[in-house]
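Each residue of the sequence shown is one higher than the one before, counting from 5 in this note's numbering.
The block underneath contains the structure these notes are about, expressed in structure tokens.
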Amino acid sequence: MTNETIIETTNLTKIYGRRKVVDSVNLSIKRGSIYGLIGRNGAGKTTILKMIAGTAAPSFGTVTLSSDENETYSLKRKSMGTLIEDPGLFYEMSAFDNLKMKAIALGCYDKNEINEILSLIGLSNTGKKKAGKFSLGMRQRLGIGLALVGNPKTLILDEPINGLDPQGIVEIRELLLKLNNEKGITILISSHILSELSRLVSHYGIIDHGCILEELTADELMNKCSTRLEIATDNPSLTAEVLKEKGYVNFEICENNRIRIYERLEEAASLNKLLVEKGIMVSHLAVNSTDVENYFLDITGKGGLKNA
Ligand code: ATP
């Protein structure tokens, strides 16, 4: 992954009738990352993806694609493969012919490239079998294959694992990791299925009621969900100084003035004693951990997201 921003939205807003369904969304997606847009049904994920893909016009705000000034706007759009809502398969056609049709429409038909896509999406051996006879997982993979026609640098995928059985979910996850690792494709994926995104994405954007509540990396999320010592004192800044003096580095002061320490948890009792000796009143001290599901519940309110 590089530090280069490949997709940036600024104050992206969509109003349907009188309803603001996407509200001033600022997203920054780095080249080579897998960015997971996560939120419950109706949160506004599809609408954001459509505006980024250029199939819905923003009411306000802008979408900026890649920082490569040499590329024209239409070239940048062409370098984006999308699977939003229905993959638009021709059910009477084979996987190969579906891909061929798309390639012809884009003016880039090359038999070898189609075969390469078929192999990537694990549908090489489907021969003349019609797409209408495929399992849901195979159809989803073919949908991703269609998005891959034209060799895009970025994939925009709206809930591609929705409704799949566990085997289908694993196949899509492995496919996306392969596309990211081996082909360097940046992926923007939406989902309400936490357990699946958590094994896939490098960055999260948490969305609720059209607003991005938080953007964080997978490491930051793991850190927030890891086991930690949580303390509350009457003087958080002095507590932080004492911690630094004692060689603690991996800690943070949270919004509620509680301090979370992610190291040397076994020293909780002696730390408590030390703080008291320094004249600091400790009103709470406990070792806590949060699982990913509960973290999202806390952020989005107890209406919550659905786990797979
Ligand atoms: P889901 O997973 O259910 O599709 P989502 O997070 O993708 O949820 P959106 O599809 O973006 O959410 O919809 C956000 C809100 O905008 C919803 O309340 C939806 O009813 C509304 N909406 C979406 N498209 C339109 C439209 N064309 N006209 C009016 N309202 C719309």
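Heads up, the beta-carbon is just placed ideally off N, CA and C, and yes, glycines get one too.
Q. Quick one: what's Phe255 bridged to in DSSP?
A. Ile265
**Q.** Identity of the residues DSSP links to Cys215 by a beta bridge
**A.** Asp212
Q: Pick helix, strand or coil for Thr294, following the three-state DSSP scheme.
A: coil
Q: Count the C-beta pairs between the segment 232-240 and the segment 290-299 that are closer than 8 Å, then say yes if the count reaches three, no if not.
A: yes
Q: Report all residues for which the CB-ligand distance to some heavy atom of ligand 1 is below 5 Å; order them along the chain.
A: Tyr20, Val25, Asn45, Gly46, Ala47, Gly48, Lys49, Thr50 and Thr51
Q: Tell whether a beta-carbon distance below 9 Å holds between Ile160 and Leu53.
A: yes
**Q.** Coarse secondary structure for Ile2, derived from DSSP in three states
**A.** Since the first residue shown for the chain is 5 and the last is 312, residue 2 is missing from the structure and cannot be characterised.
Q) Alpha carbon to alpha carbon, what distance is there between Leu301 and Ile42? A) 12 Å
**Q.** Endpoints, alpha helix (DSSP H) assigned at Ser274
**A.** Ala272 to Glu281
Q: Work out the CA separation of Asp212 and Lys137 for me, nearest whole Å.
A: 37 Å
(Q) My output table needs one value for Leu204: the three-state DSSP class, helix, strand or coil. (A) coil
Q. Taking the C-alpha atoms as reference points, what is the distance between Glu281 and Arg203?
A. 44 Å
Q | Local Cβ density within 10 Å of Thr190, reported as buried at 16 or more and exposed below that | A | buried
Q.
For Thr68 and Gly141, I'd like the C-alpha separation in whole angstroms.
A. 32 Å
Q: Determine the DSSP secondary structure at Glu163, reduced to helix, strand or coil.
A: coil
(Q) If distances are taken between C-alpha atoms only, which option among Leu269, Asn260 and Gly36 comes closest to Asn254? (A) Leu269
(Q) Contact defined as beta carbons within less than 8 Å: I believe Lys115 pairs with Leu150. What is the distance between those atoms, to the nearest angstrom? (A) About 16 Å separates the two Cβ atoms, so there is no contact after all.
Q. Who are the Cβ neighbours of Val246 in its own chain at under 6 Å, not counting the five residues just before and after it?
A. Lys282
Q: Buried or exposed for Lys187, please, with buried defined as at least 16 other CB atoms from any protein chain shown within 10 angstroms of its CB.
A: exposed
Q) Between Ala109 and Gly92, what straight-line distance do the alpha-carbon atoms span, to the nearest angstrom? A) 13 Å
**Q.** Inter-residue spacing [alpha-carbon to alpha-carbon] between Val296 and Thr9
**A.** 27 Å
Q | Neighbourhood of Phe64 by C-beta distance below 7 Å, restricted to the same chain and skipping five residues each side | A | Asn15 and Thr17
Q) Hey, would you say Gly58 sits closer than 9 Å to His207, going by beta carbons? A) no
Q) Can you round the beta-carbon distance between Thr50 and Asp162 to whole angstroms, since I take them to be within the 8 Å contact cut? A) 5 Å
(Q) Give me the residue from Met226, Asn260 and Glu219 with the minimum Cα distance to Asp238. (A) Asn260
Q: Grab the span of the alpha helix (DSSP H) containing Leu152 for me, first residue to last.
A: Leu140 to Leu152
Q | Bounding residues of the alpha helix (DSSP H) (the contiguous stretch that carries Ser123) | A | Lys115 to Leu124
Q) Under the DSSP definition of a beta bridge, which residues are partnered with Glu234? A) Arg264 and Ala290
Q.
In this structure, how does DSSP classify Phe300 when only helix, strand and coil are distinguished?
A. helix
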